[in-house]
Every structure is written in C-alpha cells, then in structure tokens.
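Student: Residue numbers (full-length UniProt numbering), protein chains in the order written: chain X, 1 to 341; chain G, 1 to 343; chain R, 1 to 313. By construction, the Cβ of each residue, glycine as well, lies at the ideal position given by its N, Cα and C atoms. Okay, handing you the structure first.
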Amino acid sequence: MEETILDVRGLRTSFFTDEGEVKAVDGVSFSVPKGKTIGIVGESGSGKSITSLSILRLLAENGKVVDGEVLFKGENILDYSEKQMRGLRGNKISMIFQEPMTSLNPVFTVGQQISESLTTHQGMNKKQAMAKSVDLLKLVGIPSPEKRVTQYPYELSGGMRQRVMIAMALACNPEILVADEPTTALDVTIQAQILGLIKDLQNRLGMSVIFITHDLGVVAETCDYVAVMYAGQVVEYSDVRTLFRRPRHPYTIGLLKSLPRPDADQEKLVPIHGMVPSPFKMPTGCRFAPRCPAATDLCREKLPDLFDDGEGNQVRCWIYDEEWPGPKEVDVFGEERIAKG
Amino acid sequence: MEKKELLKVEGLKQYFPIKGGFFGRTVNHVKAVDDISFTVYEGETVSIVGESGCGKSTTGRAILRLEEPSDGKVYFEGTDLASLSKSEMRKHRKDLQIIFQDPYASINPRQAVSDVLNEAMEIQNVLPRKERRKRIIELLETVGLNGSQADRFPHEFSGGQRQRIGIARALSVNPKLIICDEAVSALDVSIQAQVLNLLDELQEEYGLTYLFISHDLGVVRHISDRVIVMYLGKIMEIGDKKSIFDNPKHPYTKALLSAIPVPDPDREREHIVLRGDVPSPIDPPTGCRFHTRCPFAQDKCRTDVPELKVHDGMREGHEAACHFVEEIESGQLKPNYMETASF
Amino acid sequence: MLKYIIRRVLQTIPVLIGVSILVFSLMHLIPGNPAQIIAGEGASEQTVRQIEERLGLNDPIHIQYFNYMSGVLQGDLGNSVRSGRAVSDEIGARFWVTVELSFYATILAVFIGLMAGIISAVRRYTVADTAIMVIALFGLSMPNFWLGLVLIDWFAVGAGWLPEWAKLRPSGWGDSWRQVILPVITLGTGGAAIIARMTRSSMLEVINQDYIRTARAKGLTDRIVTYRHALKNALIPVVTVVGLEFGGFLGGAVLTETIFAINGMGRLTVQAITQRDFPIVQGAVLVLSVLFVFVNLIVDISYKLLNKRIDLN
C-alpha cells in the first residue's frame, strides 16, 4: 500500500454572491499518494481549480470551505489557523498557476520574488536567498541564471516565466506541488519543455504533484491517478490506465469520445449533448443526468454515491449500484448516438 | 475529377511597422507573414497550424484584407483581391466569411441575434427584406439553435451557442469560403465536438470550403484534408493530412507532432524537446527561420533560405522547406543535440 | 528611455507655442479697442492713443506677437499699465507664494488621500471603508471657496484656536501656521478625496491580480502582500493623479488666495482682471500655463519610469 500524503474528504466550497450560494465544489474526495501525480480533470465550471485553491485556502473573499476534511500527513489542515496555513503555503505545499504572464509581480525582480519564499520559510538572509535563487533558476533550466535573477518578469518569455514560477514553488522543497493548468497558456513545444521539467524534478525531489487540467492528453501522459470532475463533483476516480482503457462514468466515456485525437484518425466525433448545468440550478439527481443518454428516473431523482469496485476505483453512477437492474457495462454512446450526432 | 482552385495565395507578405525614434518614424517591421504561397481547392478544408507568432491568424486576416497585406496576390476565383478597390472588395466579402475565437467580441452585445444576422444580410443585400425573418429562423435551426431564440441577446447564450451564432452569421450571406480563426479553441471538449461536427455537416450540405486556423493538432487532424505548418511567418511544410501526420519531413513538424501529449497512457512516448523559445519576428533568424532551434542545423541553414519543395520520399503535393530532408531521412546527418522527455 | 524623455521634451515645444499664441491673443479677443478698455470710458482720445502707442497696438499683429515673444524669451513680460512696474517683477514677487501653497496642498492631499485610500481598500466593505468614502465624496463635492469660508468661520472667527508654534515664511508669505493651514486645507481637500478614491480603486484592482494570489501562495503575511506586493503596483496610476492635482491646485489657488487674501499669483490675476491690466493677466496666465506643462512633463516621465517594467512590449 502506498503512503498517502494528502487526503481530501467530502470537500465542499461555496461562493456567497448577491444571487445566492454557488456550490462550486460539492463533495469532492480523493487522495494523493506520496511521490505520485494525481490529475484533476474537468471542463470549465467543473470546480477543479476551486478544489486546488480550497486545499491551500487561497479562495477569493466571498469563497469559503463549508465542509469536509483536508488531511495533510494525517492532520486536518482545515482546522489550521491562518498563521499555521502560511507555514504550509510555499513551504510544504506549493502552487503554480495557469498564466505565467500575470502570475509574477511586475515590479519586483525574479530574484526578489524567489528569495521571498526562502527568507520567509527558511530564515535565510537576503544574500543567502539570492544565491539560492540562482541555484534554483539553474535547477529549472534557465540559461545564465546570474543575469536572469536581476531581471524583471517583462524581460522573460512565457515559458521562462513558468520556469521561474516553478523555481519559486520548489524553493523550500515542498512535499506537494499543486499545478493549476500550468501549460495551458503555453505553445506545444514550450509545454513539452515544462511538462518534461516537472516530471524530471518530481523524480529527483520525490514530491507529489496535483495536476489540474482540462487536457486529457496531458493527463494520460503525466498522471498516475485521475479524478474526473463534473459540476463540482468527482464522478470517477481511478488509476490512469484503467480510466483510459475502461472508462466507466458516462461523462468520462463521452469526454473521451468527443476528443479529436492527434494520434489517430477518427471518422466522426461523438459529442455530449447539451451543456454544463448552471451553478444556480443544479439538477437534484445525478448532475450529469440531463446530458446522459442512459439516464433513468432514478438518475434524475437521486444523486448517486461514489461506488468503489474494491480496487480503489470509484465511480458516481447508478449503473454500478448493486441494485441496478440493467446490464453493468453499457456503452452509452453507441452507434445510434452517432447517427443523431 | 479536376480540382477547382478557389483561393490562391502568392507571395503574401504582411509587415507591421514598429514606430519609434524622435518623431515616430518606422524603425523596423514585424515580419508577421513573409512571402508565403498556397492554394485552396473548392470543397476542401485546409488548416494552417503553428505556434503563437507564426503568422497563421495574420494570414487569414490579410486574405480578407481586414489588414491590408504589404505585398503579394490573393486570387479568389481568379480575381486578385489584394488589387481591388475598397468598394469592389466589399462585393467579394460575401463570398469570404470569417469566424473568430471569441464570437462575443465580434457581435454587438446590444443587438438581438436576429438583428445580427439581419445586418449581415442587409450589408450584402442577399434576400428581399420580407423573406429575411424566415431565413433567420432557418439559419438558427441549421446551426442547432432554436428558432425561438432569435430575439435573445448574445449574453443570454453560452460560449458554444455564441460560436453557433457566429457560424450562422457567416452562413447568412451564402459564402463560398469560411476562414475559421481558432474558432473552437476556447470551447470545452464536449462542446467543441458539437461545433466541429456542425462544421462538417455544413460543409457537406453547402459545399463550403474552409481555411481552418488552429494551434490544436488534434482538431487539425480531425477536420483537415490538407495541412500547412507555419513557423515565424514562413511555411515549413505543406501536404495532405496523412503525409503531415504520418510522414512528416521537416524537423519542425516532427518536433511539433512529437511534443503533443497523447490521450493514451499505454503508449510510452519519448517526446522530442526543442531548445529555447521562438525568436522574435522583428529580427527573424537569417537563412532558415528554424535554424536556431533545429537539432540538425548546418552552416547552410544559417545563410540560405530553403525552398518549399517536394523531396525524395514525398508524395506529389507534399512539400517541405528544409535543405537536408534526404540527409536526415537516410540518417546521414546526425542531430547536434537530441533532448527527449517523457512526462 | 533617454529617447522617450527627449521626445517628450520636444513635444512640449508646440504646446508652449500654442499657449503663447492663446495668451497673446487674449488682448485681441476682447471686443472693442483694448486701449480704450484700459483707459476707461471717460478717457480722452489722446490718452487712448498714448496707450496704443505704448502697447504697440498699431503694428501688424504678427509683428506684435514677435515683439511680445522676443521680450518673453528675454524675461520681459511688459509693464503693468496700472503700476508701471515690470510684469516679471510683479509676478516674481508672488510666484513662490502660489507654488508653495500648491505644494503644501499637494503634500496634504497625497498624505491624507493615500492613507484613507489604503485603509479603505484593506478594510473594504466595512464601516471604516464606507465612512471614508462618504467623507471623500463630501470633500469632492464641496467647492473650495465654500469650504474656505466655512473654515474661516469655524476656526479663524473663533480665533486663537490654532496654536502659533512655528513660523513659516520661505516665500515671505504667512506670518504663522494659522495663516497657512486653513488655505492649504481649503485647497487640498478636493485633491485628497480624489487621491483616496483613486488609491482605493487601484488597490482593489491590484488585489485581484494573479500575482497577488502567487504572493499569498508563497505563505507571505497579509501585511507583506498588501504593503509590498499590492501597494507598489497600485501607486503607479496614482502618481499621474498626483501630478494632475498639483496642476489643478495652481488654478484652484486663484480662488483660495482671494478668500484668504494671500498675495499670490491667483490674487494678482484676479486684481489685474478687475483693473483691466492686460499685460499682468497675460504674464500670469503664461507663467501658470508653462508651470502646468512642466509639471505634466515630469509626471509623464516618472510614470514611464515606473511603468517600464509593466510595459509588455
């Protein structure tokens, strides 16, 4: 059995707006094994980014974790004071973001921004921190780091900035790196550089990575485990091979069938009909029921639990309930769907 | 069957001046598109693919003269659009339509959908006024929206639906060519598939021709008949889809294809990782534009601009702009560096 | 950067020429014969002639402009038609009074405005925030002549209220703080209100930026995030406002000086207008305009310097 470093249990996060409560994350559970990469995949509005921000409690002011547990090495960090959380952030758990262009402060040099983590958490003085910053830039593969350390973000390309973000996140040797769509804004050849770098650093430093992305190709290649999110909930959780070989939730199946593949020719894509429900009008039953071709009355009325197959793979779909009368494995996006296309 | 040339681009250049100095003189140019030529045949889908700064969007805009091209010819059904006066061009606009990445940005938010479509038809005077309402409903249904939504405003629609409105607007004037500029890039996968299928169906039904501009190689592989690979304002490789994806010859195309993460965990893949960033198009590298990052670059690449042509082992219509296609293929030329990574 | 500065300095030349033409045409834009107006209604024709002669009003207009400008460039703004003293002397005696008044008002506005704006932004949507913003709205809506009169009524009429603990007369103006403090408050309040609102909105905008989230993700304290990461960025647009305010205060000084009977450029101008002393009016407007252009030049350059790092090009 692998050692679990982070365990998220029944996480619920809401935003309180003038129009009412938005349940952005509504019952999310997954665990992160030590040294492994877990992917959280989903489309816009699925709550994947909010989940990651909830773990570090970096939500916007009107957002609040309302329920659940986040166990970091067995301790529920949702009970931590703000001061204790600061001790974790950037130290034990670090984060990098989607937009390298705007995620660095334009008025401070690269070195100043990396040093801050070191002076804050490791008690280094400015000179030591600056020297360590140069080492870190070297670690993330930035050429002539002595020069770069004195430059401002505007002097760097997008790929370089993301490397700086990674250097900053790794400054204190974190145990977990949370990467929120770190390559989405980058070109393919630069994405390859950054993904290769993250994997290489993970192998060398032994940290766990939580990888938030909408890109199934990135998931397939970088992750060991995957949680698929839809409308604020995890609908399927399994190891990466099982997920792609034998996807079980109708949403996961639909997602894979609607993906235009760069590595194979497809005659026709099979889209999922309709669209993501509005956060103000969530369906009472299964959230995917309105778009699911296999939905029954039960699905529309009652929200299914996560059913475990005994091997740690979970799926939130009534088909996998013991009481389910129909066949267990249904290719819900079969031929007749293609005809309707 | 003889293929009919619909669009023929010859020596197209688009230089944007950079102002500077004491009196705002032009001190330099961004060579966004630098002397490219290609042909699009009737009824096919040609994709232009490349990373940011390669000039793919600029090419689309220059063809439509949304920005006046600096040089070159753009023949549409034999007429050089680039040489037409503004008013003559307006007549041809009807035949060439464009769909943008963010349809919201190109739709007036204060106009109801029916007004958006009506305006497009009004400008091109495509139908007598009385019949337009019926046509609007028809168009909306064609693109998979409900006719009853005609009087709603753009903000009442989701991203995917807005893209459908953008498509309906393009269709409203019965165009022959539609330029899709990153038209599905902002959409989620499940919605993107809906729109891609719609584009497919419309092509079949109306015999449309698409010039499809995208950075997403999965989408390009799905939708294209032929593919143009651009890098820093130049065409690196052009060919039918099969040649480009299964038999790429240019080192850049190879690296680009190799870099894409593939949704198949059973396939252990080593990705070619290119060094460095794309250079600035203000002072692009001499010779072959790709030589600063190319693993195979030789002295000749630094000085001579390679010609886009058919090399040994390439089918008719499959061309690459590289001096050393044969040498690389035969293994005669060894790479100067080879960085790979698995993610 | 040097290029930008040189270009920006060169750009002021046409502006200054334009200003000088406008100022010069003042005398000619007024309906009727300026000499007659200066002389007054009952003046004899001979007096009018003399004035015309003295002011060179009989020359062709471009010659007049050329003569005036060649004088200006040598520091000669002509003579007052009332006192007969050189305009440059009349202005020189009062110039620093106005500059000093505007300068103190700017300091007050910046100090109060920044403090209030920051507090408002940090404690957004609290009672403190609302209170500050309501007060700022008052400050903004009050015309300063009215505020000046109210202040006089409250503090100066109940005299002895303000302690006389310092003498301040670098420009020879004001015997005591008592005479300085009320005009400065009068003039600076509107600016303080504008700067407070500007600082608040700028801070709120910055607080939502991605790099602020990055700073928080590093585990920095709220204090460091606010005062180091947010404030430094938020201040950039505020700098422009401060510069513009200083320019605005030069204009506002006209009213304030009149109310508090301060012998500065503003009061001089008002008096000159009532006495139809055109050379003085011309000179004063010219000097104030040049000063305004100059302040704007400095603001633009410092903004560019601060903003250089944000410039994505």
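(1) Measure the beta-carbon distance from residue 219 of chain X to residue 227 of chain X and round it to whole angstroms, keeping in mind my assumption that it falls under 8 Å.
(2) In angstroms with no decimal places, state the Cα-to-Cα distance between residue 325 of chain X and residue 319 of chain X.
(3) Are residue 301 of chain G and residue 317 of chain G touching if we call contact CB-CB under 8 Å?
(4) Pick out whichever of X:316, X:262, X:171 has its Cα sitting closest to the Cα of residue 49 of chain G.
(5) With 8 Å set as the bound, which would you pick, yes or no: does the beta-carbon of residue 4 of chain G sit closer than that to a beta-carbon of chain X?
(6) If you draw a straight line from the alpha carbon of residue 116 of chain X to that of residue 139 of chain X, how long is it in whole angstroms?
(7) In three-state DSSP terms, what is residue 14 of chain X?
(8) Kindly indicate which three-state DSSP category residue 180 of chain X falls into: helix, strand or coil?
(9) Could you give the uninterrupted runs of the alpha helix (DSSP H) lying entirely in the segment 16–91 of chain R, keeping only those of 4 residues or more?
(10) Compare the C-alpha of residue 19 of chain R against each of R:288, R:95, R:180, R:119 and name the closest.
(11) So what's residue 145 of chain G in DSSP terms, helix, strand or just coil?
(12) My output table needs one value for residue 332 of chain G: the three-state DSSP class, helix, strand or coil.
(13) Residue 217 of chain R to residue 207 of chain R, Cα distance in whole Å?
(14) Taking only the alpha-carbon atoms, compute the straight-line gap between residue 262 of chain G and residue 249 of chain G and give it to the nearest angstrom.
(15) Could you please give the first and the last residue of the uninterrupted beta strand (DSSP E) stretch that includes residue 263 of chain G?
(16) Does the beta-carbon of residue 281 of chain G have 16 or more other beta-carbons within 10 angstroms, so that it is buried, or is it exposed?
(17) I'd like to check one pair, residue 80 of chain R with residue 314 of chain R: are the Cβ atoms closer than 8 Å?
(18) Could you list which residues in chain X have their beta carbon closer than 7 Å to that of residue 229 of chain R, in chain order?
(19) Please name the residue in G:43, G:205, G:65, G:55 whose C-alpha comes closest to that of residue 98 of chain G.
(20) Between which two residues does the beta strand (DSSP E) containing residue 209 of chain R stretch?
(21) Per DSSP, which one or two residues make a beta bridge with residue 29 of chain G?
(22) Who does residue 76 of chain X pair with in a DSSP beta bridge?
(23) Quick one, which residues of the segment 208–221 of chain R are near chain C if we go by CB-CB under 9 Å, in chain order?
(24) Do you know how far the Cα of residue 283 of chain G is from the Cα of residue 75 of chain G?
(25) Rounded to whole angstroms, how far is the Cβ of residue 12 of chain R from the Cβ of residue 239 of chain R, which I believe are closer than 8 Å?
(26) Closest to residue 174 of chain G by C-alpha separation, out of G:343, G:209, G:196, would be which residue?
(27) For the ligand COA, is there any heavy atom lying closer than 7 Å to the beta carbon of residue 13 of chain R?
(28) Could you tell me how far apart the beta carbons of residue 145 of chain G and residue 72 of chain G are, in whole angstroms, since I believe they sit closer than 8 Å?
(29) Assuming contact is defined by CB atoms lying nearer than 8 Å, are residue 188 of chain X and residue 223 of chain G in contact in what I supplied?
(30) Could you please give me the residues that DSSP links to residue 376 of chain G through a beta bridge?
(31) Cα separation between residue 16 of chain R and residue 43 of chain R?
(32) From residue 100 of chain X to residue 162 of chain X, what distance separates their C-alpha atoms?
(33) Starting from the N-terminal side, write out each stretch of the beta strand (DSSP E) that is 3 residues or longer and does not extend beyond the segment 194–254 of chain X.
(34) Considering only the alpha carbon of each residue, which of X:268, X:79, X:251, X:210 lies closest to residue 198 of chain G?
(35) Whole angstroms are fine: how far does the CA of residue 129 of chain R sit from the CA of residue 114 of chain X?
(36) Can you tell me the Cβ-Cβ gap for residue 170 of chain X and residue 164 of chain X, rounded? I've got them flagged as a contact below 8 Å.
Tutor: The answer reads as follows:
(1) For the purposes of this step, residue 219 of chain X is taken as residue 219 along the first sequence, with counting starting at 1. For the purposes of this step, residue 227 of chain X is taken as residue 227 along the first sequence, with counting starting at 1. Going by Cβ atoms, the distance from residue 219 of chain X to residue 227 of chain X rounds to 10 Å, so no, they are not a contact pair.
(2) Taking the first sequence and counting its residues from 1, one reaches residue 325 of chain X at position 325. Taking the first sequence and counting its residues from 1, one reaches residue 319 of chain X at position 319. Rounded to the nearest angstrom, the two C-alpha atoms are 8 Å apart.
(3) Along the second sequence, read from residue 1 onward, the residue named residue 301 of chain G stands at position 301. Along the second sequence, read from residue 1 onward, the residue named residue 317 of chain G stands at position 317. No, these two residues do not count as a Cβ contact at 8 Å.
(4) For the purposes of this step, residue 49 of chain G is taken as the residue at position 49 of the second sequence. Checking every option, the nearest Cα to that of residue 49 of chain G belongs to X:262.
(5) The residue labelled residue 4 of chain G in the question sits at position 4 within the second sequence. Taking Cβ atoms only, chain X never reaches closer than 8 Å to residue 4 of chain G, which makes this a no.
(6) Position 116 of the first sequence, counted from the start, is the residue given in the question as residue 116 of chain X. Position 139 of the first sequence, counted from the start, is the residue given in the question as residue 139 of chain X. Residue 116 of chain X and residue 139 of chain X: Cα-Cα distance of roughly 18 Å.
(7) Here residue 14 of chain X refers to the residue found at position 14 of the first sequence. If DSSP states are grouped into helix, strand and coil, residue 14 of chain X belongs with the strands.
(8) Here the question's residue 180 of chain X lines up with position 180 in the first sequence. In this structure, residue 180 of chain X counts as strand in the three-state DSSP scheme.
(9) 34–39, 45–55, 61–73
(10) Along the third sequence, read from residue 1 onward, the residue named residue 19 of chain R stands at position 19. Among R:288, R:95, R:180, R:119, the Cα nearest to that of residue 19 of chain R is on R:288.
(11) Locating residue 145 of chain G in the second sequence gives position 145, counting from the first residue. In this structure, residue 145 of chain G counts as coil in the three-state DSSP scheme.
(12) If you number the second sequence from 1, residue 332 of chain G lands on position 332. Residue 332 of chain G: coil per DSSP, three-state reduction.
(13) The residue labelled residue 217 of chain R in the question sits at position 217 within the third sequence. The residue labelled residue 207 of chain R in the question sits at position 207 within the third sequence. Their Cα atoms are separated by approximately 14 Å.
(14) Along the second sequence, read from residue 1 onward, the residue named residue 262 of chain G stands at position 262. Along the second sequence, read from residue 1 onward, the residue named residue 249 of chain G stands at position 249. Those two C-alpha atoms are separated by around 20 Å.
(15) Taking the first residue of the second sequence as 1, we reach residue 263 of chain G at position 263. Note, residue 263 of chain G: premise wrong, no beta strand (DSSP E); not H, not E.
(16) Start at 1 with the first residue of the second sequence, and residue 281 of chain G comes out as number 281. It is buried - the Cβ of residue 281 of chain G has at least 16 other Cβ atoms within 10 Å.
(17) For chain R, the structure presents residues 1 to 313; residue 314 of chain R sits outside this window and is missing.
(18) Residue 229 of chain R sits at position 229 when you count from the first residue of the third sequence. Per Cβ cutoff of 7 Å: 105.
(19) Position 98 of the second sequence, counting from 1, holds the residue named residue 98 of chain G. The shortest Cα separation from residue 98 of chain G among G:43, G:205, G:65, G:55 belongs to G:65.
(20) Sequence index remark: in the third sequence, residue 209 of chain R carries index 209 (1-based). Taken as a continuous stretch (DSSP letters only), residue 209 of chain R belongs to no beta strand (DSSP E), as it is neither H nor E.
(21) Counting from 1 along the second sequence, the entry for residue 29 of chain G is found at position 29. Residue 29 of chain G is bridged to G:17.
(22) The residue given as residue 76 of chain X occupies position 76 in the first sequence. Answer is X:71, bridged to residue 76 of chain X.
(23) This model lacks chain C altogether; the protein chains it does include are X, G and R.
(24) Here residue 75 of chain G refers to the residue found at position 75 when the second sequence is read from its first residue. Here residue 283 of chain G refers to the residue found at position 283 when the second sequence is read from its first residue. Roughly 29 Å separates the two Cα atoms.
(25) Locating residue 12 of chain R in the third sequence gives position 12, counting from the first residue. Locating residue 239 of chain R in the third sequence gives position 239, counting from the first residue. Wrong, their Cβ atoms sit about 19 Å apart, outside the cutoff.
(26) Taking the first residue of the second sequence as position 1, residue 174 of chain G is located at position 174. For the residues G:343, G:209, G:196, the minimum Cα distance to residue 174 of chain G belongs to G:209.
(27) Ligands in the displayed structure: none, and consequently the ligand COA is not present.
(28) For the purposes of this step, residue 145 of chain G is identified with residue 145 of the second sequence, where counting begins at 1. For the purposes of this step, residue 72 of chain G is identified with residue 72 of the second sequence, where counting begins at 1. Not confirmed; about 38 Å, so no contact.
(29) Counted from its first residue, the first sequence places residue 188 of chain X at position 188. Counted from its first residue, the second sequence places residue 223 of chain G at position 223. No; because the gap between Cβ atoms is not below 8 Å, this pair is not in contact.
(30) Residue 376 of chain G lies beyond the range of chain G shown here (1 to 343); nothing can be said about it.
(31) Reading the third sequence from its first residue, position 16 is the one you call residue 16 of chain R. Reading the third sequence from its first residue, position 43 is the one you call residue 43 of chain R. Those two C-alpha atoms are separated by around 36 Å.
(32) For this step, residue 100 of chain X is matched to residue 100 along the first sequence. For this step, residue 162 of chain X is matched to residue 162 along the first sequence. Going from the Cα of residue 100 of chain X to the Cα of residue 162 of chain X covers about 5 Å.
(33) 208–213, 225–230, 233–239
(34) Here the question's residue 198 of chain G lines up with position 198 in the second sequence. Ranking X:268, X:79, X:251, X:210 by Cα distance to residue 198 of chain G puts X:268 first.
(35) Here residue 114 of chain X refers to the residue found at position 114 of the first sequence. Here residue 129 of chain R refers to the residue found at position 129 of the third sequence. Whole-angstrom Cα-Cα distance: 34 Å.
(36) What you label residue 170 of chain X is simply residue 170 of the first sequence in a count that begins at 1. What you label residue 164 of chain X is simply residue 164 of the first sequence in a count that begins at 1. Not confirmed; about 11 Å, so no contact.
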